[in-house]
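From first to last, the protein sequence lines are chains F and V.
If you count the first sequence from 1, position 305 lands on 633 in this note's numbering, and the numbers rise without skipping.
If you count the second sequence from 1, position 348 lands on 676 in this note's numbering, and the numbers rise without skipping.
Here a beta-carbon is modelled for each residue, glycine too, at the ideal position from N, C-alpha and C.
There are 2 protein chains.
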Amino acid sequence: MSIQEEGNQRRGDGANPIRDAIAVFVSSGRRPTLKSIAEITGLGVTTVSRALKDAPDLAIGTKDKVQEVAHQIGYRPDRAGVRLRTGKTNVISLILNPHDEVTGYGTSVILGITQALQDTSMHLVVTPHFLSGDVMDPVRYVVETGAADGIIMSRTTPMDPRIRFLLEQRFPFVCHGRTELATPHPYVDFDNKAFAEIGAARLIERGRKRLGLIWPPNHLTFHHHMKRGFLNSLDGSGAEFINMPGLDLDTSPHAIREGLAALCKRGEAPDGLLCGGEISALAAMAGFRDAGLEIGRDVDVIAKQTSTIFEHIVPPIDTIAEDLTETGVQLGRALLRQLMNPDDETVMQSLQPPETRWRT
Amino acid sequence: MSIQEEGNQRRGDGANPIRDAIAVFVSSGRRPTLKSIAEITGLGVTTVSRALKDAPDLAIGTKDKVQEVAHQIGYRPDRAGVRLRTGKTNVISLILNPHDEVTGYGTSVILGITQALQDTSMHLVVTPHFLSGDVMDPVRYVVETGAADGIIMSRTTPMDPRIRFLLEQRFPFVCHGRTELATPHPYVDFDNKAFAEIGAARLIERGRKRLGLIWPPNHLTFHHHMKRGFLNSLDGSGAEFINMPGLDLDTSPHAIREGLAALCKRGEAPDGLLCGGEISALAAMAGFRDAGLEIGRDVDVIAKQTSTIFEHIVPPIDTIAEDLTETGVQLGRALLRQLMNPDDETVMQSLQPPETRWRT
DNA sequence: TGGGAAATCTGTAACGTTACAGTTTTGCTT
DNA sequence: AAGCAAAACTGTAACGTTACAGATTTCCCA
Numbered sequence: 329m330s331i332q333e334e335g336n337q338r339r340g341d342g343a344n345p346i347r348d349a350i351a352v353f354v355s356s357g358r359r360p361t362l363k364s365i366a367e368i369t370g371l372g373v374t375t376v377s378r379a380l381k382d383a384p385d386l387a388i389g390t391k392d393k394v395q396e397v398a399h400q401i402g403y404r405p406d407r408a409g410v411r412l413r414t415g416k417t418n419v420i421s422l423i424l425n426p427h428d429e430v431t432g433y434g435t436s437v438i439l440g441i442t443q444a445l446q447d448t449s450m451h452l453v454v455t456p457h458f459l460s461g462d463v464m465d466p467v468r469y470v471v472e473t474g475a476a477d478g479i480i481m482s483r484t485t486p487m488d489p490r491i492r493f494l495l496e497q498r499f500p501f502v503c504h505g506r507t508e509l510a511t512p513h514p515y516v517d518f519d520n521k522a523f524a525e526i527g528a529a530r531l532i533e534r535g536r537k538r539l540g541l542i543w544p545p546n547h548l549t550f551h552h553h554m555k556r557g558f559l560n561s562l563d564g565s566g567a568e569f570i571n572m573p574g575l576d577l578d579t580s581p582h583a584i585r586e587g588l589a590a591l592c593k594r595g596e597a598p599d600g601l602l603c604g605g606e607i608s609a610l611a612a613m614a615g616f617r618d619a620g621l622e623i624g625r626d627v628d629v630i631a632k633q634t635s636t637i638f639e640h641i642v643p644p645i646d647t648i649a650e651d652l653t654e655t656g657v658q659l660g661r662a663l664l665r666q667l668m669n670p671d672d673e674t675v676m677q678s679l680q681p682p683e684t685r686w687r688t
Numbered sequence: 329m330s331i332q333e334e335g336n337q338r339r340g341d342g343a344n345p346i347r348d349a350i351a352v353f354v355s356s357g358r359r360p361t362l363k364s365i366a367e368i369t370g371l372g373v374t375t376v377s378r379a380l381k382d383a384p385d386l387a388i389g390t391k392d393k394v395q396e397v398a399h400q401i402g403y404r405p406d407r408a409g410v411r412l413r414t415g416k417t418n419v420i421s422l423i424l425n426p427h428d429e430v431t432g433y434g435t436s437v438i439l440g441i442t443q444a445l446q447d448t449s450m451h452l453v454v455t456p457h458f459l460s461g462d463v464m465d466p467v468r469y470v471v472e473t474g475a476a477d478g479i480i481m482s483r484t485t486p487m488d489p490r491i492r493f494l495l496e497q498r499f500p501f502v503c504h505g506r507t508e509l510a511t512p513h514p515y516v517d518f519d520n521k522a523f524a525e526i527g528a529a530r531l532i533e534r535g536r537k538r539l540g541l542i543w544p545p546n547h548l549t550f551h552h553h554m555k556r557g558f559l560n561s562l563d564g565s566g567a568e569f570i571n572m573p574g575l576d577l578d579t580s581p582h583a584i585r586e587g588l589a590a591l592c593k594r595g596e597a598p599d600g601l602l603c604g605g606e607i608s609a610l611a612a613m614a615g616f617r618d619a620g621l622e623i624g625r626d627v628d629v630i631a632k633q634t635s636t637i638f639e640h641i642v643p644p645i646d647t648i649a650e651d652l653t654e655t656g657v658q659l660g661r662a663l664l665r666q667l668m669n670p671d672d673e674t675v676m677q678s679l680q681p682p683e684t685r686w687r688t
């Protein structure tokens with residue numbers, strides 16, 4: 329039953345006590361709570377709480393009335409009240425790594441997550457991991473203080489202690505990246521094996537014989553994924569794998585540039601390079617140029633693309649794209665699903681496909 | 329008085345009731361609260377609360393004892409409890425704009441803010457502003473629901489309604505960018521006037537006569553700052569200002585590229601271009617190239633630099649750097665200061681200086 | 001040896017919410 | 001009309017914290 333239907337509809341005659349009570353309340357400027365609604369409707373606070381939750385043992389009319397009033401006065405549950413009573417924080421914690429700064433990794437993923445969280449009562453809090461500290465610190469902080477209902481993190485290692493810990497604590501999480509742990513756990517990952525396979529195949533197809541890979545540092549799981557894919561394509565192709573110790577995606581762009589130029593001068597450089605990051609690819613290309621090599625003629629470079637910059641770089645090079653915003657959306661959704669169905673044991677795992685952008 | 333000093337120090341003889349109580353509590357696995365400490369020490373909950381706040385009317389010994397026990401059992405105030413009681417959320421809300429995605433703007437600023445918030449009980453929550461919605465939506469949401477104690481936002485306009493609203497509500501905030509409102513308000517801004525002045529002067533010095541500027545869309549305050557600086561340097565220099573309608577920093581990189589190439593073909597393009605963003609600069613350079621012009625010979629481009637990519641781009645061009653992480657730190661500090669000294673009326677305002685990176 | 005002030009400590013209530021264990025009302029059957 | 005079950009509603013307590021007003025103890029001075 330709507331407020332309009334109940335009682336007299338003509339305005340100003342005071343025959344609709346609820347409408348009048350709403351007017352009085354709104355003009356009072358107080359923050360709407362369950363108590364406000366209870367006072368306005370003449371119901372008990374408990375009833376109001378349950379009506380807003382659509383509990384089964386309340387009259388339809390009551391629920392409608394309560395919901396209507398709640399809407400009218402702009403009621404929103406107080407997060408602190410709910411949190412104190414239920415222990416639910418309605419917060420998701422994103423653990424942000426300082427390495428993510430360089431690549432702009434963060435913003436895309438964050439926007440994806442917020443997209444997934446839209447129309448939800450979840451808030452996203454960024455919990456930084458400072459380089460100086462233990463990787464476990466932020467995770468432990470969130471679990472111990474109950475700062476969030478779930479965690480999203482990246483840069484997983486094969487035996488990731490954070491994931492072991494979270495599984496043990498049965499604390500909800502999703503990670504961007506996989507592990508080699510026996511227990512299955514939720515993740516969203518880019519198919520770095522396919523990425524490397526496709527990239528290497530492309531270099532071979534273009535006649536390159538000495539193939540190099542700028543991959544993640546080897547303690548990260550996706551180092552191994554990339555390696556496997558890369559070597560798969562190399563296998564039996566007649567091309568050779570050129571190892572470049574000390575050059576990985578965590579190496580500073582300058583060091584990559586100089587390292588590559590040095591390799592060129594010693595004749596030890598690859599003539600085909602697959603690069604797991606944008607900035608690293610730019611730095612590597614600069615290194616080749618510094619050594620007098622021409623990209624596209626003397627050497628080919630293929631980069632993982634996560635932004636639009638490579639569409640405007642000369643010379644245009646082939647790239648293979650990873651959609652980080654979509655990754656964020658997936659991460660958010662996977663975590664939400666866990667939080668909303670706590671006893672559903674399904675483990676959400678998804679692999680994002682690489683997208684080739686051949687330009688040459 | 330430390331726990332060690334009080335009573336017998338020999339272990340296991342049960343003569344130190346506090347140490348024993350701590351042991352019992354810790355092994356119980358319960359979350360430490362004021363009540364836990366009260367039970368362990370035999371004090372009242374109120375006393376414990378006040379002891380941890382270093383209240384003036386408690387005995388030194390009591391405070392020490394309480395703090396020691398709190399430390400031992402790993403007590404951390406429950407955020408929900410504090411929030412419910414005091415209304416203080418200990419949260420700072422960063423309003424993130426989808427435009428920030430492209431540039432990686434977000435991550436640097438976020439890391440800067442988290443740095444400023446380190447060793448503080450503040451959490452950082454990201455409140456997205458979706459393009460579809462009103463700019464006021466996120467701000468109103470935070471204020472109305474009391475989701476945070478303070479707000480950080482960017483992309484200010486001269487008569488920014490968000491800032492008007494926050495000033496009116498006396499709600500703490502800092503913005504990245506200024507306004508033209510009469511009431512002074514806290515901000516951290518990059519000196520875009522100096523940026524444009526320096527950039528234009530440099531182009532003139534290199535003999536360019538037809539100067540273009542890729543600036544923010546004109547509803548944003550820093551559009552006008554850039555314009556002023558740019559025209560300042562042009563004034564009396566003999567160089568001409570080339571307006572490029574439809575090309576600004578919110579234009580898609582592709583459109584910038586095509587727009588610029590088109591201008592070149594019609595002979596209406598600038599021969600010196602100052603560009604307020606990295607990606608836009610790359611796109612503009614690509615546009616020039618598409619039209620057959622050579623950068624550094626036929627035309628000069630100077631870009632605002634916010635990452636390291638331009639250090640590896642060919643041809644190397646002059647850039648003027650803005651340090652976004654430092655901006656984040658400043659934003660965080662400015663807001664913290666407001667929150668910690670609510671009655672200090674000082675308005676924190678700071679201008680970040682441009683840093684030239686001449687490479688040619 | 002009072003008396004009273006200063007020092008130290010504490011109980012109560014409240015913030016907004018919800019689980020739980022009721023209570024009251026309604027409607028139906030006999 | 002009595003009895004009883006189902007439907008609809010509600011009061012109490014608790015989550016952890018702190019403001020407030022009050023209680024107890026200690027100490028010093030006359």
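Selection from the options that minimises the alpha carbon distance to residue i
i         : options                                    : result
Gly595(F) : Ile623(F), Arg538(F), Thr549(F)            : Arg538(F)
Pro360(F) : Tyr403(F), Arg411(F), Leu531(F)            : Tyr403(F)
Gly660(V) : Ala649(V), Pro545(V), Gln633(V), Gln677(V) : Gln677(V)
Thr448(V) : Ile420(V), Gly474(V), Met464(V)            : Ile420(V)
Asp428(V) : Gly605(V), Phe501(V), Asp517(V), Ala583(V) : Gly605(V)
Arg685(F) : Met668(F), Leu667(F), Ala649(F), Asp671(F) : Ala649(F)
Glu367(V) : Leu386(V), Ile570(V), Arg347(V), Gly624(V) : Arg347(V)
Gln302(V) : Thr414(V), Glu586(V), Val352(V)            : Chain V is shown only over 329 to 688; residue 302(V) falls outside these bounds and no answer can be derived.
Ala528(V) : Ile365(V), Ile630(V), Asp672(V), Pro670(V) : Ile630(V)
Thr390(V) : Thr414(V), Ile365(V), Asp465(V)            : Ile365(V)
Phe569(V) : Pro466(V), Pro644(V), Arg556(V)            : Arg556(V)
Arg534(V) : Phe518(V), Gly587(V), Gly566(V), Ser460(V) : Gly566(V)
Leu610(F) : Arg585(F), Gly370(F), Leu575(F), Leu495(F) : Arg585(F)
Val373(F) : Pro405(F), Ser355(F), Ile388(F), Ser356(F) : Pro405(F)
Leu663(F) : Ser355(F), Asp519(F), His513(F), Lys521(F) : His513(F)
Asp519(F) : His451(F), Gly478(F), His552(F), Gly615(F) : His552(F)
Where residue i falls: helix, strand or coil (DSSP)
i         : result
Ile542(V) : strand
Arg685(F) : strand
Glu568(F) : strand
Asp392(F) : helix
His427(F) : coil
C-beta atoms of residue i and residue j nearer than 8 Å
i         : j         : result
Ser436(V) : Thr653(V) : yes
Phe550(V) : Leu602(V) : no
Gly317(V) : Val642(V) : With chain V covering 329 to 688 only, the question about residue 317(V) has no answer from this structure.
Ala408(F) : Arg411(V) : yes
Gln633(F) : Thr655(F) : no
Met572(F) : Ala524(F) : no
Pro544(F) : Leu577(F) : yes
Asp618(F) : Ala583(F) : no
Val689(F) : Arg490(F) : Any question about residue 689(F) goes unanswered here, given that chain F covers just 329 to 688.
Glu639(V) : Pro581(F) : yes
Pro682(V) : Ala510(V) : no
Select from the segment 531-550 of chain V all residues with a C-beta closer than 7 Å to any C-beta belonging to chain F, and list them in chain order. For the segment 531-550 of chain V, which is checked against every Cβ of chain F, not one residue is closer than 7 Å.
Just by C-beta distance, which residues in the segment 347-367 of chain F are closer than 9 Å to chain V? Correct list: Arg359.
When the Cβ atoms of the segment 394-407 of chain F are set against those of the segment 364-384 of chain F, are three or more pairs found closer than 8 Å? Touching, yes.
request  = Evaluate contact between the segment 498-513 of chain V and the segment 469-487 of chain V, counting only Cβ atoms and requiring at least three cross-stretch pairs below 8 Å.
outcome  = Yes: the two stretches touch, three or more of their Cβ pairs being nearer than 8 Å.
- Mind listing which residues of the segment 445-457 of chain V have their C-beta closer than 9 Å to chain F's C-betas, in chain order? Listed in sequence order: Leu445, Gln446, His451, Leu452, Val453, Val454, Thr455, Pro456.
Whether or not the segment 438-457 of chain V and the segment 452-459 of chain F are in contact is what I'm after, with contact meaning three or more pairs of Cβ atoms, one per stretch, closer than 8 Å; do they touch?
They touch, by the three-pair rule.
query = Of all the residues that make up the segment 628-649 of chain F, which are near chain V by a beta-carbon distance shorter than 8 Å?
reply = Contact annotation: in the segment 628-649 of chain F, residues whose CB is within less than 8 Å of a CB in chain V are Ser635, Thr636, Ile637, Glu639, His640, Ile641, Val642.
Exercise for the section: Could you please tell me which residues of the segment 431-442 of chain V, in chain order, have their CB closer than 8 Å to any CB of chain F? Expected result: From the segment 431-442 of chain V, only Thr431, Gly432, Tyr433, Gly434, Thr435, Ser436, Ile438, Leu439, Thr442 have a Cβ closer than 8 Å to chain F.
Contacting positions in the segment 389-412 of chain F - beta carbon closer than 8 Å to chain V
The residues in question are Gly402, Arg404, Asp406, Arg407, Ala408, Gly409, Arg411, Leu412.
### Task
Using a Cβ-Cβ cut-off of less than 7 Å, list which residues of the segment 571-591 of chain V approach chain F; keep chain order.
Residues are counted here when their Cβ sits less than 7 Å from a Cβ of chain F; for the segment 571-591 of chain V these are Pro581, Arg585, given in chain order.
Chain V contacts made by the segment 481-498 of chain F, where a contact means CB separation under 8 Å:
Cβ proximity to chain V below 8 Å picks out nothing from the segment 481-498 of chain F.
**Residues in the segment 504-523 of chain V having any Cβ partner in chain F nearer than 7 Å** = Taking 7 Å as the cut-off between beta carbons, none of the residues of the segment 504-523 of chain V comes near chain F.
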